[in-house]
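Chemist: Mind having a look at this structure? Questions to follow.
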Amino acid sequence: MSALVIEGLSRNFGGLRALSNVSFSVEAGERRLIIGPNGAGKTTLFNLLSGVFKASSGRISLFGRDVTGLSMHERARMGLARTFQITNLFPRLSVMDNLLIALQAGAPGAFSLTRRMRDQTVLHAQADALLNQWGLASIAMRAAREISYGEQRQVDLILAMAMQPRVLLLDEPMAGLSAAEVVRVTGMIRSLPREMTILLIEHDMDVAFELADRIAVLHQGCLIAEGDGPTIRAHPQVSEIYLGVE
Amino acid sequence: MNRQQQLAIAGIAGAAVLLAMPWLFGSYYLGLATKMIIFALFAMSLDLLIGYTGLASLGHAAYFGVASYATGLLALRLGWGVGWALPAGVLVAGLTAALFGLLALRARGSYFLMITLALSQVLWGIAFGWRSLTGGDDGLPEVPRPDLGLPWSFADNTPFYYFTLAVAVVSTWLLMRVVASPFGQSLRGIRESETRMLALGYDTWRYKFAAFVLAGLFAGVAGVLYVYYNRFVSPDYIHVARSAEVLLMVILGGAGSLFGPALGAALIVLFENIVSGYTERWLLVLGVVYVLVTLFAPDGITGVVRRLRQRKAGQT
């Protein structure tokens, strides 16, 4: 079954056509890499999929259900999670509180006025487990804005993972990371359950091609190629515009 | 002594001072203390929006004032006792906040601020213009103090002080529960990053609307206390100058801590009292305070204290 079906998706910003009639589908459990030069419409695609922007035209289906008209939080409740190209945490809250908020989103009593946050022991245990798992326990009580950039990128990813999504959109998770951090984050992505569908925007080709089952190439808002790694590497137009002519 | 012990001792000392107030000060200063407590509650209610949810409202006096009018009118015209007039006033404030919230929460940032300002000025216009109901510019004089059928008359400052203190303590406790709840945590999340909250699956509108109504309800409690305190209500209660004043109380004390805005409110009430002994131009002085706070202590008194503590901790 297709996790995600995109049909004729377009988005205009004034006179600019940021995304133009893009159609493709992603199977459940697939790891799909989206590449393209700057301004190709990759982040716009993610913003349309997650509901930040409404599509100018076209249709998006999530596990067979049309979500084109649904708002951002409704799509998230259906199991669609995303990270952000520009780190988007709760900067003045502790890393622990960041995680608690993410875990609480799907937990009973999120809207409760009568419970106390500190009594949410199940959530605290889950947050502790996640931080220990990824070796971030030592920064649990630090404010998110005070930790290093690499740590922020990892927390950003953990927030999305905490939702236990069915479809996960990762917007350049490796951007700006050191070589050692790239290895860590790659490990985090590899550790995700195989049935989770992942769409990944990434510029680090070595890492990205290794992670991906299939690749979609965007150029000036259009989908110009789709296929597995060797197919894309051999694609003449892709080599020309993106990988560089050899 | 660790921080918790320090806080516990400060809390006990504060409670002792509040309880002993009638013996410590004369009737005049007891009246001033009552006013401080009422405005502390008013400022804390706005802090729920500004400090916790990140919604800057410049029309918060609307809910304070509308509760004052509702309770005042019910007490004067219909002779309702405090047992009915107080909840009725609070309810009217909550309903007004619900209506205004539906309209204002469609906008963000400074547009949200402008809409709250405009809506509150509409109410001010009604209070000013509808003379037959509200007494217009003259307001409603001689609102009776509440009568609980106790041996002490609330016309005296001391029993009324304790009445105010009791209502404010219960309200503060409720507000503390709200900000310590999962709901309160979600409000902080919205303040920090609404897009992230949406991406996590939070219906942020629901949270913002609930916070807006709650803030209106607690402002209403303060408004009811104030009409009983002054035995009078006029359009000034709703005016934007009052909204700006309570906004400054929150900013001066330090938004996002409940305690800070309460402290800010007490200081502004005290300062106004001192200044008005010398000059009529209180608003001018208030404006200068606003500029100074924004320039030199944008996170308020609690923010300054926190920074000093951190610096001290860094030295040792």
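Protein chains in written order, with this note's numbering: chain A, 2 to 247; chain B, 1370 to 1685. From the three backbone atoms N, C-alpha and C, an ideal C-beta is built for every residue, glycine too. Quick caveat: nothing in here was measured; it's all calculated off a predicted structure.
#1: From this set, M1566(B), L1415(B) and N1642(B), which residue's C-alpha is nearest P92(A)'s C-alpha?
#2: List in chain order: all unbroken alpha helix (DSSP H) runs of 4+ residues lying wholly within the region 1575 to 1656 of chain B.
#3: DSSP three-state call for A1666(B): helix, strand or coil?
#4: Which value, in whole angstroms, describes the spacing of the CA atoms of R234(A) and R215(A)?
#5: In chain B, which residues lie less than 9 angstroms from L101(A) when you measure between Cβ atoms?
#6: Mapping DSSP to helix, strand and coil, what is N1371(B)?
#7: Give me the chain A residues within the contact set of R1565(B), using Cβ-Cβ distance strictly less than 8 angstroms, ordered along the chain.
#8: May I ask you to list the residues that DSSP assigns as paired with P1510(B)?
#9: How far does the alpha helix (DSSP H) with D120(A) in it extend, from its first residue to its last?
#10: Suppose you measure from the CA of A71(A) to the CA of R1600(B); what does that come to, to the nearest Å?
#11: Evaluate the contact criterion for the region 1432 to 1440 of chain B versus the region 1635 to 1654 of chain B: three or more CB pairs, one atom per stretch, below 8 angstroms.
#12: Short of 6 angstroms in beta carbon distance, which residues of its chain neighbour G1383(B), apart from the five on each side in sequence? Order them along the chain.
#13: Give the single residue among R1611(B), Y1531(B), N1642(B) and V1662(B) whose Cα lies nearest to the Cα of Y1432(B).
#14: For V53(A), decide whether its Cβ has a neighbour in chain B, counting only Cβ atoms nearer than 8 angstroms.
#15: Which of the three DSSP states, helix, strand or coil, is assigned to D1525(B)?
#16: To be precise: take each residue of the region 111 to 133 of chain A, compare its Cβ to all Cβ atoms of chain B, and keep it if any distance is under 9 angstroms. Which residues remain?
#17: Please report how far the alpha carbon of L1417(B) lies from the alpha carbon of A141(A), in whole angstroms.
#18: Looking only at DSSP bridge pairs, what is G228(A) linked to?
#19: If you check the beta carbons only, do V156(A) and V96(A) fall under 8 angstroms apart?
#20: Where does I1378(B) land, buried or exposed, given buried means 16+ other C-beta within 10 angstroms?
#21: Please state whether DSSP places V1660(B) in a helix, a strand or coil.
#22: Measure the alpha-carbon distance for E196(A) versus L1621(B) and round it to whole angstroms.
#23: Where does L1569(B) fall in DSSP's three states?
#24: Excluding sequence positions up to five away, which residues of its chain have a Cβ less than 7 angstroms from the Cβ of N48(A)?
#25: Does any C-beta atom of chain B lie closer than 8 angstroms to the C-beta of M142(A)?
Modeler: Once the coordinates are examined:
#1: M1566(B)
#2: 1609 to 1622 and 1628 to 1644
#3: coil
#4: 12 angstroms
#5: P1551 and Q1554
#6: coil
#7: F85, N89, L90, F91 and L160
#8: F1601(B)
#9: Premise fails: D120(A) is in no alpha helix (DSSP H) and is neither H nor E.
#10: With the sequence shown as reference, residue 71(A) is identified as Leu, and Ala is not the correct amino acid for it. Distance between the alpha carbons of L71(A) and R1600(B) is about 52 angstroms.
#11: no
#12: none
#13: R1611(B)
#14: yes
#15: coil
#16: A111, F112, S113, L114, T115, R116, R117, M118, R119, Q121 and L124
#17: 26 angstroms
#18: I216(A)
#19: yes
#20: exposed
#21: helix
#22: 53 angstroms
#23: helix
#24: F54
#25: no
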